[in-house]
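The sequence shown lines up with residues -20 to -1, 1 to 251 when you count with mature numbering (1 follows the signal peptide of the UniProt record, and there is no 0).
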Amino acid sequence: MKKIISNILLLLTCHTWIMAQINNIIPSAPSIANTPTARTDQWSAFANPASLTENKRFFFAFTYENKYLLAELSGKTAQAAYCNPWVNVGIAFTHFGYKQYSDIMAGICLSHDFSGKFSIGLQGNYYAAYFGLETGYVYTIFPQVGATVHITPTLCLGFHAFNPFIQQLKGEFVSKQIPAVFSLGSEWRFYNRFNWLVQIDKEVQSPFRVATGFEYQVIKELGVKIGGYASTYFVPCFGINLNFSGWRFDINCELNPLLGVNTLGSVSFAI
């Protein structure tokens, strides 16, 4: 009897802990080890809005992410942007979940670049969660802000705050904590082909997350990526990118030692 009770408690604990690990409404970025905060050549949806100023062109992207090889834990993200010397505008949409429970989020981003040395961005998000037939959708709005600073032509620092006012999703009978994440990142480019990314994240109710990754462009059409991140344990990451006539394809994989494999695929086109 004691063994049965112990097993039940263990399963409940594991279930709660696993749900805490996957209950994140922010979609992952194509940057290795999810390190987009200081990225200067690729704006990722719902990441640092200040990175939008770096594109200097029109582009769109679609990303598909699967967690732990479960169809119910899949997310789809679409984004598009137009950048010019005066104001840069981006839109993004993401959906995560399945029929009985799902999250949707849409955002509009505005950013501006000051002489190529400093950029700021602001994004407004509409977020809604579906809690079943009886409750339906519960929604709210919240902001995210960011900035990037070029210390040297090859070194950039970035800051990003997602849901900085720690807003919650509240309905008549349900509530949900929206992640409030503060991030610091750096990007160092050298030899014109090598890119080193570092990022530190702090979600107000979770431990620090430290991530780093290296991306090497072997040739113009092919790049390789390797990195990892750690919070309560270390997760190795690797991936590749392919580039053809304005099209870019990113494929990333994470090997979570406890929960399994995370995969991400992204396709983008720039004009």
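Positions of the beta carbon are idealized from the N, C-alpha and C atoms, including for glycine.
Here the structure is a predicted model, which means the values were calculated and not measured.
By the neighbour-count criterion, in which 16 or more other beta carbons inside 10 Å mark a residue as buried, residue 215 falls on the buried side. With the rule of 3 Cβ pairs closer than 8 Å, the stretch 24 to 31 does not count as touching the stretch 173 to 191. Under the 10 Å beta carbon count, residue 146 is surrounded by fewer than 16 other beta carbons and is classified as exposed. Residue 51 counts as exposed, since fewer than 16 other C-beta atoms from the protein chains shown sit within 10 angstroms of its C-beta. Pairing residue 194 with residue 164 gives a Cβ-Cβ distance that is not under 8 Å. Apart from sequence neighbours up to five positions away, the residues of its chain that approach residue 212 with a beta-carbon distance below 7 Å are 187, ordered along the chain.
Around residue 220, the same chain offers 204 and 231 as residues with beta carbons nearer than 6 Å, after the five sequence neighbours per side are excluded. Between residue 244 and residue 8 a beta carbon distance of about 6 Å is seen, short of the 8 Å cut, so the two are scored as contacting.
Counting along the chain, the unbroken beta strand (DSSP E) around residue 156 starts and ends at 155 to 157.
Judged by DSSP in its simplified three-state form, residue 201 adopts coil rather than helix or strand. A contact is defined here as three or more CB-CB pairs under 8 Å, and the stretch 117 to 127 fails this definition with respect to the stretch 41 to 49. Between residue 33 and residue 93, the C-beta spacing is below 8 Å.
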